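> Sending over a structure as structure tokens; questions will come in a sec.
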Amino acid sequence: QATLKSSSKDPYPDWKSGEPVPYAALCTTFSKIELTTKRLEILAHCSLFLRQVLRLTPNDVLPTVLMMIGKLAADYAGIELGIGESLIMKAIGETTGRSLQIIKADQREIGDLGLVAAKSRSNQPTMFKPKPLTVRGVHEGLMAIAKIEGQGAQAQKVGGIKKLLSAADTNLAKGKGVDITKDKGGPSEAKFIVRMLEGKMRLGLADKTVLVALAQAMVIHEVSKGGDKVPSTDQLARGETTLNELPSYEVIVPAMLEHGIFNLRDTCRLQPGVPLKPMLAKPTKSITEVLDRFEGKDFTCEYKYDGERAQIHFVAHDVAQEFATAAPSAGKTEKGISNIFSRNSEDLSKKYPDILAKLPTWVRDDTKSFVLDCETVAWDLVEKNVLPFQQLMTRKRKDVKVEDVKVKVCVFAFDLLFLNGEALVNKPFRERRDLMYKAFTDVEGEFAFAKYGNTNELDEIQTLLDESVKASCEGLMVKMLDGVESHYEPSRRSQNWLKVKKDYLSGVGDSLDLVVLGAYFGKGKRTSVYGAFLLACYNPSTETYESVCNIGTGFSEAVLEELHSTLSPIVIDRPKPFYSHSAGNKDQPDVWFEPSFVWEVKTADLTLSPRYKAAANVLNDASGKGVSLRFPRFIKIRDDKKPEMATSSRQVAEMYRKQESVGKSKGPAVDDDF
Ligand code: ATP
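Each residue of the sequence shown is one higher than the one before, counting from 30 in the numbering used here.
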């Protein structure tokens, strides 16, 4: 655990009790975090700062925590920044009186817009000292920018950014200019504002660290009244579990301040309206691997439907007052209020009004509140069967009107996480499934329970797998049925859920979801489009995209044309500083992109290569080589994944190691979250 001794000297003498948290104080903490890679030190900086906030300005804990995780609100609120480089450069130029040309030249040289902003602001002579920024003020300013839509939005956004930048400090650490190589730009407010605008703080500060820091700060605040008592592992674990079940600081922080951290589990729990992060599965390569892993245990094999994950939340009108439903756009029917959330906790209610409208027909009358884990799948009304995933992807994502829906969907339910006021996540799966069957009625082509067979027999599992494939499914999901191991584990890629996909039984395991970083112009017939692309996995601990392969196979001419038109608008001048690809490589991509799109890719196998950086620091190979994909093939675009949800470096390393150890030993799999 981190050392939590606060220094005797008050680090922020200008910040008085009851006054808003100065943004400069938070930036000072950020710059300390930025200068270390030691997780415990990072944790200690965060925790110390939050203790100060709790002591002096508890009302600002929420915006402070949100800024620490680089977000403006919980994911389901759908508020995102990710402002493009060109708008930010324009705003920096107009605020600091520097020409766009100079800003662009700086950007080419420095490669980090945050530092360009810091430099531009520090060179600027100022007539008067701007009113100091506060954490709350910056949060509100950024929120206003994120919410701007419609005509003239770009100009208004530039206006909003200018307002913030012109109030940012001009003096950096100790009044000196920016020494980019030495102090990474110091605690410059402009730098961190720009990083927030870009949607990447790049502090190496994991969400989990902020959560643990908050738990520590709260425990110390409550237990030792400002002393140095270190919270127990159990106390910290309790805080962490609560947040996984209820991933909303907006709900947790006020409850924590009102009732105290130790009462949090009773006052603040999984509830309809606040999506929980879904449980995910580990890949396997064969049915025998499943039998080995689950030896001696009872398990079930469910069809793995190929559609979109949907978490459906519902509260009947007569019990609605019991829940503080937090999600903004709930659907209302005569029966109750409902929401649908995606795998990323985004609100899908506007995409699936048809599901919300039909929901009353499959919810039994005595089912008053629930959270149901499902897959929505495109459905052929005539043939009465499941359609391929690509059909589902042709549906509009927003503002769908029930009468315009062309691609009908059927909801396949596979788990029940909350029922009639009670969280079920800590009950065995067998019991959750029984409750699910009692709480709903299936309606052909609209709502069904995921098909399954409870068997430990290899032949029967093989038959189920074949049948699932015939029914247009991806394969099987194999799940533990009893005991603690069968509990629902929010946000975990768990050993207790295994996926067996039809098409990777003899391949490397799973397909990969990779981020498009750059492209190469085509040759011959393909000169007007991009002919190949540079793809990367994501390393959440360093917040970098690590190159993993070039890909030019699996694209039809039509797809290449479409990709050219969707990717051209996000071309950037040079690779982002958080792209990791072999320097000095002769065949660097012809163009680089903002990290925006995730593609699913299959590969024949994985190999080590000096050209690519994927998982290099996880594997720690003496030669510094990364993992690369051999013969990668494009499968589809994954609209439902953000770049940060791409296959992680640890997963790539795990796939590589597993492949290496095939036939040698089973070895424990690395446990990885998202
Ligand atoms: P992919 O969907 O590419 O396999 P992923 O990372 O999105 O990868 P996984 O954990 O690999 O998710 O697989 C679980 C996904 O399979 C769920 O997110 C869900 O969308 C889907 N799914 C389909 N049928 C089931 C089922 N019966 N039980 C659980 N998940 C299912």
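Ideal Cβ placement from N, Cα and C applies to all residues, glycine included.
Note that this is a predicted model, so its numbers are computed, not measured.
1. Helix, strand or coil: how does DSSP classify M308 here?
2. Is the closest heavy atom of the ligand ATP to the C-beta of Y381 under 7 Å?
3. From the DSSP output, in three-state form, read off P51 for me.
4. Where do the ends of the beta strand (DSSP E) carrying L527 lie?
5. Mind checking who Q340 pairs with in its DSSP beta bridge?
6. Taking only runs of the alpha helix (DSSP H) that begin and end inside the stretch 100 to 165, which ones reach a length of at least 4 residues, in chain order?
7. Checking 8 Å against the spacing of the C-beta atoms, do M97 and L234 come in under that value?
8. Using the C-alpha atoms, what's the distance from C578 back to G547?
9. Taking all protein chains shown into account, do 16 or more other C-beta atoms lie within 10 angstroms of the C-beta of E432, making it buried, or fewer, making it exposed?
10. For the stretch 581 to 633, list the beta strand (DSSP E) runs that are entirely contained and at least 3 residues long, ordered along the chain.
11. Report the option in A197, P301 and G228 whose CA atom is closest to the CA atom of I366.
12. Opposite L275 in the DSSP bridges: which residues?
13. Does the beta carbon of Y334 fall short of 7 Å from some heavy atom of the ligand ATP?
14. Within a Cβ cutoff of 7 Å, which residues of the same chain sit near I121, ignoring the five residues on either side of it in sequence?
15. Of the residues D428, N414, D444 and S557, which one's Cα is nearest the Cα of E475?
16. Tell me, please, which residues DSSP counts as bridged to G482.
17. When the Cα atoms are used, what is the spatial distance from E318 to Q350?
18. Out of K45, R68, V187 and D488, which has the shortest C-alpha to C-alpha gap to I316?
19. Can you check DSSP and say which residues form a bridge with F469?
20. Given that a residue counts as buried once 16 or more other Cβ atoms are within 10 Å of its Cβ, and exposed if not, what is D104?
21. Does DSSP put T636 in a helix, a strand or coil?
22. Closer than 7 Å: is that where the CB of M230 sits relative to any heavy atom of the ligand ATP?
23. Which residues share a DSSP beta bridge with W408?
24. Rounded to the nearest angstrom, what separates A468 and K456 at their Cα positions?
25. Let me check you understand the geometry: is the CB of L487 closer than 7 Å to at least one non-hydrogen atom of the ligand ATP?
26. So is the beta-carbon of M506 under 7 Å away from any non-hydrogen atom of the ligand ATP?
27. Looking at C-alpha atoms only, which residue of A173, E251 and G179 is the closest neighbour of K192?
28. Hey, how far is the Cα of L596 from the Cα of G551?
29. For V577, which three-state DSSP category applies?
30. Below 8 Å between beta carbons: does that hold for A452 and K397?
31. Cutting at 6 Å between CB atoms, please list the residues of its own chain near K531, excluding the five before and the five after it.
32. Can you pull the DSSP bridge partners for R659?
33. Tell me whether K456 sits in a helix, a strand or coil according to DSSP, three-state version.
34. K480 and Y332 look like a contact to me (Cβ under 8 Å); what is the Cβ gap, rounded to whole Å?
35. Between which two residues does the alpha helix (DSSP H) carrying L72 extend?
36. In whole angstroms, what separates the C-alpha of I580 from that of E123?
So, from the listed chains and residues:
1. coil
2. no
3. strand
4. R522 to K530
5. F370 and D402
6. 114 to 125, 129 to 139 and 142 to 151
7. yes
8. 11 Å
9. exposed
10. 620 to 622 and 627 to 631
11. P301
12. Per DSSP, none; premise fails for L275.
13. yes
14. I132, V145, A146, S149 and L194
15. N414
16. C330
17. 48 Å
18. D488
19. V392
20. buried
21. strand
22. no
23. V415
24. 16 Å
25. no
26. yes
27. A173
28. 14 Å
29. strand
30. no
31. V498 and G504
32. D634
33. coil
34. 5 Å
35. R68 to L85
36. 40 Å
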